[in-house]
Amino acid sequence: MSQSSDKQDLVRSPGKVPADLSIVVPLKDAVVFPHAVVPLALFRASSAAAIEEAVSHGRSVVFVLQRDPDVKAPGLADLHEIGTVCKIGRYMTTPDGAHHVVVGGEARVRITELVEGYDFLVARTEKLTEVEDESNEVHALSLYLRERAIETIELTNKTAQGAELIEAVRRIEYPAQLADTIVAFMELDTGIKQALLSELDLHARLNAVVEHLSQHLEVLRLTNEIHERTRSNIDSQARERMLREQLDTIRRELGDKSSHETAVEDLQEAVERANLPEEVHAEVERELARLQRMGEQAAEASMLRDWLECVVDLPWTQREEGNLQIDTAREILDADHHGLDKVKKRILEFLAVRKLNPQGKSPILCLAGPPGVGKTSLGKSVARAMGVKFARIALGGVHNEAEIRGHRRTYIGAMPGNIVRTFRKLGTNNPVILLDEIDKLGSGIQGDPAAALLEVLDPEQNNTFTDNYLGLPFDLSNAFFIATANALEQIPLALRDRLEVIELPGYTAEEKLAIARQYLLPKQLKSNGLQDDHVTIDDNAITQIIERYTREAGVRTLERHLGALCRHAAVLIAADDSSHFKVDDEAIEEVLGTAFYDNEVAMRTGVPGIATGLAWTPVGGDILFIEAAAVPGKGNLQLTGQLGDVMRESAQAALTLIRARANKLGICKRFDELDIHIHVPAGATPKDGPSAGVALYMALLSLLTNQTIRSDVAMTGEISLRGLVMPVGGIKEKCLAALRAGIRTVILPARNRRDLRDVPATAQEQLEFVWVENVEELPGYVLQQTAQAG
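Counted the way this note's numbering counts, the sequence shown spans residues 445 to 1234.
Given below as structure tokens:
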């Protein structure tokens, strides 16, 4: 019920109100509409007196809304102009002093003047006659309003009373009565209701009521949809819970166990069989007891089961005994790989120590070398030699620390890192694990995986490696880790410090021939479905492919070319079973196309100003041509070919050294009248490094003395302004690159003589090494006879 005023003592009216005047009751927060029956609660003494006056004399009462509900004794200015004249249907008082009245609205009235002399409000009023509008639009609005009102009642009141209300709405004939009846029962702000009461234009009032009812109906529809969806979900959950309880009851009656109880019992049995370390066993028992206490539907139950299964599956104490025999291991390594004596020697040393001291800490080997020299396949051979399982973990492009250490198990979708997952899959704690491409680890916002590997690859602490998902220390020290890398410079120093680096050189032509004959060709024949008698390929053909179609440290390109020849043979033999394919020069050119590489050394060094240098790259050694030219100018030096800062400084040092010794070298040209241009071809490839000083010096000396450099000579080394030839790195790779390019004499710094032992014996036999300490020794070995001046 709405309240009209504060509770006060009742004041009686002194006399009867004339018939031409109206009794007025102001309302604080209620608006009464014509054709509506509304209950009201009155607390103001003057309002109670007005009602008693009306009841005692059978009068109607005008109810009008106050503009300000806080005003206790409102005057004409405090009341709205339009109110509603109502009949008093029922009147009663309660013990708390409130006066309750049920009124029925009859018509709108306008209050024009208040009359003094009464204990309640009395006013002159003007009855407002409703003007009926029978237009089609009003009729359409009325129909639409009726339908929306019925839909609203259906959504809010599905009882018998609601059905009566719907029937009452259907019986209303006049649009004005329909609008007033609907608004009276809508939950709208009193200000909006007063505005609708004051709207005398029927068309405008209908539009306004339709708008408010449509908004209210839209909210009701959405509320009902949410309610139905929520109730459906709750009903579904309740039904599922009830069915599960019934299923558990049936299982108990039959002596069966629930899936949750069965899973817990299975885990308990697995824990007993796992032979876990004491610390791990205590933690697992604690978590298993927690799982047993929680229900199957608990959100954490699934996560906890996964964690327990992972812990139980790990090989905490399981290991393979293998059948380690040093002679057998040597035979396996020799059978799987040609050459690589230094690598094989170190692996056999490790195997011997492992056999004599099985509990010793395993070193972390890092096989460093260009692609295609057999780093990855060596890991498989080691595992086969040891008689244990092998796994490869690819680290190239890994930039998330969680790939190594795992996720914390509180995360959604958490899992262990690659290391722990590998051990779980293998089921043994002493496998051979190859960490491939360790130099290609990335880093990002998810952490630094190289830093996470420090604990994995440190023999002093990897016996307590803790994965984030496990949260328990796991012993990695029994495993034999082998890392591979192309470039050691790209491995962080802290990580490189944990590795025992073994460098794998590139192969000589003779070694490539042996590898192709023993390994690559049989493999390609088998993979292409060919027999030995289907294809004939002699050593000269393989050598031709090596020299003219490959220029690499490894043998991957060579294997691809042999595969192309085998596939060509497969096409011929598939068409005619009696066919036989002989690989000769013509067949090679037909299948592989024109030769990729020619012996261009003699052509490149046939004129003054061209020198052949040697360079080291992450994929092996390579030859480097340096060209110099002089034109009239002002003594400028121009460098092109994408040279780095170090090579630019070497070129400037070489030119300064020649200018300082010009008279001694027999150079009569004026340097301030010459512009010198040094270019290193393959300008799209960046070049840098501290080993081109000797070649730059000889290219300038050849140019300025008009003498050519021997075509079969290549050189490496850095120079100082004193003329000293400084030692450089990568001697082994550079010598092999010179041999591949047809070079027969290599000029090396004298202080690099100690690195000769790293050069394969076959390469040493085919190359002539010249050791120099000062640039003054170079011309006698490098320059040819003086060319004729033109």
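We put the beta carbon where it would ideally sit given N, CA and C, even for glycine.
These numbers were taken from a predicted model, which means no experiment stands behind them.
- Taking the CA atoms as reference points, N972 sits about 7 Å from A1014.
- A straight line joining the alpha-carbon of H1121 with that of L1081 spans about 6 Å.
- Looking at the DSSP output, T528 sits in a beta bridge with F507 and R552.
- Following the DSSP letters along the chain, one finds W760 in no alpha helix (DSSP H), marked with neither H nor E.
- Bridge pairing for S466: A567 [DSSP].
- Per DSSP, reduced to three states, the secondary structure at Q988 is helical.
- A927 sits close to L943, with the two beta carbons spaced by under 8 Å.
- Proximity to G1133 across L1109, E1093, L758 and G1167 peaks at E1093, based on C-alpha coordinates.
- For V728, same chain residues with a beta-carbon under 8 Å away, outside a window of 5 residues either side, are V715, L720, L752, V755 and V756 in chain order.
- Per DSSP, reduced to three states, the secondary structure at V1124 is coil, with no helix or strand assignment.
- Around the C-beta of H1024, fewer than 16 other C-beta atoms lie within 10 Å, and the residue is accordingly described as exposed.
- From the listed residues S806, D563, V1075 and I986, the smallest Cα separation to K1113 is found for V1075.
- Taking I986 as reference, the option from D977, K970 and Y963 with the minimal CA-CA separation is Y963.
- In this structure, the straight-line span from the alpha carbon of Y618 to that of I594 is close to 16 Å.
- Shown here, C1179 sits in a helix according to DSSP, grouped into three states.
- Exposure of N767 is indicated by the presence of fewer than 16 other C-beta atoms within 10 angstroms of its C-beta.
- A direct Cα-Cα distance of roughly 45 Å separates G541 from Y588.
- Judged by DSSP in its simplified three-state form, E996 adopts coil rather than helix or strand.
- Rounded to the nearest whole angstrom, the CA to CA distance from I1102 to N1150 is 14 Å.
- About 6 Å separates the beta carbon of I1067 from that of L1058, a gap short enough to meet the 8 Å contact definition.
- At least 8 Å separates the beta-carbon of V1172 from that of I1191.
- According to DSSP, E1071 shares a beta bridge with I1054 and H1123.
- Scanning A742, C1179 and V876 for the CA closest to the CA of G1064 turns up C1179.
- Residue environment: Q975 is assigned as exposed (fewer than 16 neighbouring CB atoms within 10 Å of its CB, all protein chains considered).
- Per the C-alpha coordinates, the member of R568, V566 and F507 positioned closest to V546 is F507.
- Excluding sequence positions up to five before and after R836, its CB lies within less than 6 Å of the CB of L878 and D880, all in the same chain and listed in chain order.
- Excluding residues up to 5 positions away in sequence, I526, A551, R552, V553, R554 and L644 lie with their Cβ nearer than 8 Å to the Cβ of L572 in the same chain.
- Buried is the label assigned to Y951, since at least 16 other Cβ atoms lie within 10 Å of its Cβ.
- At a Cβ-Cβ threshold of 8 Å, T1160 and S1135 count as neighbours.
- Burial of P814 is indicated by the presence of at least 16 other C-beta atoms within 10 angstroms of its C-beta.
- In the three-state DSSP reduction, V475 falls in the coil class, being neither helix nor strand.
- Spatial neighbours of G850 in its own chain (CB-CB distance under 8 Å, excluding positions within 5 residues in sequence) are listed in chain order as A858, M859, P860, G861, V864, D911, N912, Y913 and L914.
- Assigned with DSSP and collapsed to three states, L644 falls in coil, not helix or strand.
- Check the Cα spacing between K884 and each of N907, N844 and Q905: the tightest is with N844.
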